[in-house]
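Residue numbers (this note's numbering): 1 to 157. From the three backbone atoms N, C-alpha and C, an ideal C-beta is built for every residue, glycine too. Since the model is a prediction, treat every value here as computed from it, not as a measurement. Remarks on the structure that follows.
This is the structure in structure tokens:
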């Protein structure tokens, strides 16, 4: 049902339509400003590994996007976003599996981490189902808003 490939410039317009609110965009990245623009994606992607899109085989539409980034604490799954019309249809699971495979096989990682906000209960349940385990909780301020972020990780065997 799905294929994956590297992000291309022609994909940006579609990806910008995926976040449906400021809160959803915050879940994708606190560095993005609503509404999402191509320039924001390009700006962040330049420091990322394996920017990847998921394509619907039948329609050839871009239906999801994610990448991997590195900081002093390790490698992280970043900018995960799925088209609203493809949520709950396996695109998310396919996307995360592809990103874990790339982390393990291309980047030779033994562990992949992610950050999920406490208000994103759907995301927390989804990542837990895929084997990501919480290992820390942090408070962060995004502007004037205090958020609780849950740090999760998964060993890549």
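Under 6 Å Cβ to Cβ from residue i, same chain only, skipping five residues before and after it: list those, please.
{"i": "residue 140", "result": "147 and 149"}
{"i": "residue 78", "result": "67 and 69"}
{"i": "residue 179", "result": "Since the first residue shown for the chain is 1 and the last is 157, residue 179 is missing from the structure and cannot be characterised."}
{"i": "residue 131", "result": "154"}
{"i": "residue 82", "result": "64, 91 and 92"}
Assign residue i to buried or exposed, taking buried as 16 or more other Cβ atoms, counted over all protein chains shown, within 10 Å of its Cβ.
{"i": "residue 101", "result": "exposed"}
{"i": "residue 135", "result": "exposed"}
{"i": "residue 103", "result": "buried"}
{"i": "residue 99", "result": "buried"}
{"i": "residue 40", "result": "buried"}
{"i": "residue 138", "result": "exposed"}
{"i": "residue 15", "result": "buried"}
{"i": "residue 105", "result": "exposed"}
{"i": "residue 133", "result": "exposed"}
{"i": "residue 115", "result": "buried"}
Got a sec? Which residues, its chain only, sit under 7 Å from residue i by beta carbon, not counting five neighbours each side?
{"i": "residue 110", "result": "155 and 156"}
{"i": "residue 8", "result": "none"}
{"i": "residue 3", "result": "55 and 57"}
What are the boundary residues of the beta strand (DSSP E) that residue i is part of?
{"i": "residue 74", "result": "74-82"}
{"i": "residue 152", "result": "145-155"}
{"i": "residue 40", "result": "Residue 40 -> not in any beta strand (DSSP E); alpha helix (DSSP H) instead, spanning 38-45."}
{"i": "residue 6", "result": "2-6"}
{"i": "residue 19", "result": "Residue 19 -> no beta strand (DSSP E), and no H or E assigned at all."}
{"i": "residue 69", "result": "62-71"}
Tell me the residue span of the alpha helix (DSSP H) that contains residue i.
{"i": "residue 31", "result": "Run containing residue 31: none; DSSP gives neither H nor E here."}
{"i": "residue 49", "result": "Looking at the DSSP string, residue 49 is not in any alpha helix (DSSP H); the run it does join, the beta strand (DSSP E), is 49-56."}
{"i": "residue 118", "result": "Premise fails: residue 118 is in no alpha helix (DSSP H) and is neither H nor E."}
{"i": "residue 104", "result": "91-105"}
{"i": "residue 12", "result": "12-16"}
Please tell me whether residue i has its Cβ less than 8 Å away from any Cβ of chain D.
{"i": "residue 27", "result": "Checking the listed chains, one finds no chain D in this structure; it contains a single protein chain."}
Excluding the five sequence neighbours on either side, which residues of its own chain have a C-beta within less than 8 Å of the C-beta of residue i, listed in chain order?
{"i": "residue 5", "result": "52, 53 and 55"}
{"i": "residue 117", "result": "26, 27, 123, 147, 148, 149 and 150"}
{"i": "residue 76", "result": "68, 69, 70, 112, 113, 114 and 115"}
Tell me, to the nearest whole angstrom, how far the beta carbon of residue i is from that of residue j; I am working on the premise that it is less than 8 Å.
{"i": "residue 32", "j": "residue 84", "result": "With 8 Å as the limit, residue 32 and residue 84 do not qualify as a contact, their Cβ atoms being about 17 Å apart."}
Would you call the stretch 44-57 and the stretch 20-28 in contact, with 3 or more CB pairs under 8 Å? no
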